[in-house]
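Here my numbering = 1-based position in the sequence shown + 112.
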Amino acid sequence: MKRKDLVRLAIIFGIIVAAAIYLFPLERKIRLGLDLKGGSHIILQCVSTPNAPITEDSVSRVLEILRNRVDQFGVTEPVIQRAGSDRILVQLPGVKDPQAAIELLGKTALLEFREVEDIGPQRPIEPQRKNYASEEEYKNALERYKEALKIYEEAVKEFEKRVKEKEGLSVNFERDTGRVYLLGKTWLTGGYLKDARTSFDRFGAPAVSLEFNSEGAKIFEEATRKNVGRHLAIVLDDNVISAPVVQEAIPEGKAQITGRFTLEEAQRLAILLRAGALPVKIEIAENRSIGPTLGQDSVRRGIRAGLFGAVLVFAFMLLYYGLMGLVADLALIANVVLLFASLAALEATLTLPGIAGIVLNIGMAVDGNILIFERIKEELREGKTIRAAIDAGFRKAFRTIFDANITTLIAATVLFYFGSGPIKGFAVTLSLGVIISMFTAIVVTRSVLDVLVSMKVRAIKSLMVPKMKEG
Numbered sequence: 113m114k115r116k117d118l119v120r121l122a123i124i125f126g127i128i129v130a131a132a133i134y135l136f137p138l139e140r141k142i143r144l145g146l147d148l149k150g151g152s153h154i155i156l157q158c159v160s161t162p163n164a165p166i167t168e169d170s171v172s173r174v175l176e177i178l179r180n181r182v183d184q185f186g187v188t189e190p191v192i193q194r195a196g197s198d199r200i201l202v203q204l205p206g207v208k209d210p211q212a213a214i215e216l217l218g219k220t221a222l223l224e225f226r227e228v229e230d231i232g233p234q235r236p237i238e239p240q241r242k243n244y245a246s247e248e249e250y251k252n253a254l255e256r257y258k259e260a261l262k263i264y265e266e267a268v269k270e271f272e273k274r275v276k277e278k279e280g281l282s283v284n285f286e287r288d289t290g291r292v293y294l295l296g297k298t299w300l301t302g303g304y305l306k307d308a309r310t311s312f313d314r315f316g317a318p319a320v321s322l323e324f325n326s327e328g329a330k331i332f333e334e335a336t337r338k339n340v341g342r343h344l345a346i347v348l349d350d351n352v353i354s355a356p357v358v359q360e361a362i363p364e365g366k367a368q369i370t371g372r373f374t375l376e377e378a379q380r381l382a383i384l385l386r387a388g389a390l391p392v393k394i395e396i397a398e399n400r401s402i403g404p405t406l407g408q409d410s411v412r413r414g415i416r417a418g419l420f421g422a423v424l425v426f427a428f429m430l431l432y433y434g435l436m437g438l439v440a441d442l443a444l445i446a447n448v449v450l451l452f453a454s455l456a457a458l459e460a461t462l463t464l465p466g467i468a469g470i471v472l473n474i475g476m477a478v479d480g481n482i483l484i485f486e487r488i489k490e491e492l493r494e495g496k497t498i499r500a501a502i503d504a505g506f507r508k509a510f511r512t513i514f515d516a517n518i519t520t521l522i523a524a525t526v527l528f529y530f531g532s533g534p535i536k537g538f539a540v541t542l543s544l545g546v547i548i549s550m551f552t553a554i555v556v557t558r559s560v561l562d563v564l565v566s567m568k569v570r571a572i573k574s575l576m577v578p579k580m581k582e583g
């Protein structure tokens with residue numbers, strides 16, 4: 113037996129074993145797509161307004177901001193792409209809270225610091241009948257509510273009248289209480305933000321700490337200096353989050369947003385502010401959730417189809433080619449192990465079309481071995497020794513295998529660059545499968561055959577050639 117044949121086979125075996133070890137645990141190594149894992153499928157509609165018309169640049173900017181938001185939200189392998197001139201497709205695999213994802217995507221997140229010209233009453237809370245022991249108490253509470261509501265509506269009308277009389281004013285409402293504010297000059301926006309992080313206020317409640325860039329810090333210092341003793345409203349998407357009284361000028365360029373947040377709300381707000389405000393308004397045009405049960409069913413069906421196809425191929429090769437078929441089956445197992453290890457190493461997402469690509473790859477991987485075996489049989493019929501026939505068979509089959517795989521790679525590349533979502537998943541698995549199948553057919557199969565010939569294993573006669581020479 114030639115030492116180099118044994119060493120080469122040992123190296124290949126070591127690579128395959130290392131790849132198999134790397135794959136475990138499989139559920140943590142292989143990322144599953146939306147159709148296999150479940151998650152959210154959302155289509156966003158960009159809405160044109162007089163102040164923010166839809167342009168090519170604005171839609172591109174929306175895409176960039178949404179990607180930043182989703183990346184910071186912690187979703188693995190999201191799909192975010194245009195779906196027409198003014199629509200954006202977002203797929204979020206494995207999202208456990210679809211509503212939180214919608215809030216994260218749908219908010220414009222325009223942050224403003226504005227002067228407070230006047231503060232009106234807060235929106236009264238309608239009394240609930242069950243909270244009162246008697247009918248008389250409920251009627252009295254309802255009367256008080258009607259009076260408070262009338263005062264509230266009059267304040268809103270008065271503020272709206274003042275807005276018409278003076279340019280630059282607007283009527284805004286507080287997020288939690290509905291308190292009405294008459295807001296004036298906008299001092300600075302979220303465009304000056306350097307960072308936004310989740311923090312806690314002096315009472316231990318969740319908050320968002322802001323840090324402005326150098327230019328924003330100067331503007332913020334001027335805004336606080338000129339508004340000492342007055343309210344300065346922090347406004348997000350036209351809703352007043354809070355309106356603290358400025359105690360003194362703040363030169364450090366830092367601020368904190370407080371206001372009855374849960375920790376999750378504070379974290380989402382920080383993500384929104386870090387990613388930046390959307391240049392145009394967007395609305396949810398379509399929202400579908402794919403449950404994990406449906407995804408698991410797809411995985412089971414895909415695995416079942418793959419195993420069924422593999423068993424049929426294994427059986428055919430073993431029955432038709434005997435020992436050579438067994439060698440091909442071993443190469444096929446190596447192919448599948450290396451393919452999944454490559455998907456895991458590249459952090460690629462496995463989709464249902466991707467599983468179809470793997471099943472297709474199983475058939476393609478066997479094609480290479482069949483071409484090689486048939487070439488070897490032809491050489492043996494011409495009277496060559498086993499080793500000479502193997503050398504000639506691999507040499508003559510290589511060009512055909514190479515050309516066929518190159519054309520498949522070209523098609524897969526086109527699918528990857530011009531396809532979307534699941535089609536890309538199919539293209540990735542197909543491309544990796546083509547490359548790895550060439551390696552297993554040319555290198556793995558050849559190495560095993562060389563060792564068998566060196567060991568003078570006579571079962572190679574299962575090539576079904578009537579007469580062969582040993583050599």
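The beta-carbon is built from N, C-alpha and C at its ideal position, and this holds for glycine as well. All figures in this text were calculated on a predicted structure; none of them were measured in a lab.
Through-space distance from residue j to residue i, alpha-carbon basis
i, j, result
"residue 416", "residue 444", "17 Å"
"residue 149", "residue 414", "13 Å"
"residue 315", "residue 372", "11 Å"
"residue 517", "residue 523", "10 Å"
"residue 501", "residue 489", "8 Å"
"residue 426", "residue 419", "10 Å"
"residue 369", "residue 182", "22 Å"
"residue 265", "residue 322", "34 Å"
"residue 455", "residue 534", "15 Å"
"residue 561", "residue 130", "22 Å"
Limits of the unbroken beta strand (DSSP E) element including residue i
i, result
"residue 201", "199–205"
"residue 352", "351–354"
"residue 346", "344–348"
"residue 564", "Element bounds for residue 564: not the beta strand (DSSP E) but the alpha helix (DSSP H), 557–566."
"residue 230", "223–231"
Terminal residues of the alpha helix (DSSP H) in which residue i lies
i, result
"residue 506", "498–530"
"residue 534", "534–551"
"residue 386", "375–387"
"residue 78", "Past the boundaries of the shown model lies residue 78; the chain is included only from 113 to 583, so the question cannot be answered."
"residue 130", "115–134"
"residue 142", "No alpha helix (DSSP H) contains residue 142, which DSSP labels as neither H nor E."
"residue 361", "Segment: none, residue 361 is in no alpha helix (DSSP H) and carries neither H nor E."
"residue 213", "210–218"
Residues that DSSP places opposite residue i in a beta bridge
i, result
"residue 191", "203"
"residue 284", "293"
"residue 465", "Paired residues: none, contrary to the question."
"residue 318", "312"
"residue 152", "204 and 401"
"residue 171", "BP columns for residue 171 are empty, so no partner."
"residue 369", "320"
"residue 394", "158"
"residue 307", "323"
Beta carbon proximity, residue i to chain B, threshold 8 Å
i, result
"residue 538", "Included in the structure is just one protein chain, with no chain B present."
Whether residue i touches residue j by CB criterion (8 Å)
i, j, result
"residue 552", "residue 447", "yes"
"residue 205", "residue 144", "yes"
"residue 350", "residue 284", "yes"
"residue 308", "residue 385", "yes"
"residue 549", "residue 476", "yes"
"residue 216", "residue 154", "no"
"residue 120", "residue 559", "yes"
"residue 352", "residue 272", "no"
"residue 224", "residue 347", "yes"
"residue 331", "residue 293", "no"
"residue 378", "residue 302", "no"
"residue 485", "residue 433", "yes"
"residue 481", "residue 541", "no"
"residue 508", "residue 493", "no"
"residue 424", "residue 142", "no"
"residue 329", "residue 388", "no"
Same chain only: Cβ atoms within 6 Å of residue i, ignoring 5 sequence neighbours per side
i, result
"residue 381", "320"
"residue 192", "178, 179 and 202"
"residue 252", "none"
"residue 395", "157 and 159"
"residue 422", "474"
Residues near residue i by beta carbon distance below 8 Å, same chain, minus five either side
i, result
"residue 296", "226, 227, 228, 229, 280 and 281"
"residue 116", "none"
"residue 342", "227, 228, 357 and 358"
"residue 608", "Given a span of 113 to 583 for the chain in the structure shown, any question on residue 608 remains unanswerable."
"residue 563", "113, 117, 118 and 121"
"residue 195", "155 and 201"
Neighbourhood of residue i by C-beta, 7 Å cutoff - its chain only, sequence neighbours within 5 removed
i, result
"residue 430", "437, 438 and 441"
"residue 198", "157, 158, 166 and 171"
"residue 374", "318"
"residue 583", "Any reading at residue 583 must be qualified, since the residue scores a pLDDT of 46, below 50, and its modelled position is unreliable; no value is offered."
"residue 578", "Caution applies to residue 578, whose pLDDT of 41 falls short of 50 and renders its modelled position unreliable; the value that the coordinates give is listed next. So no residue of the chain qualifies."
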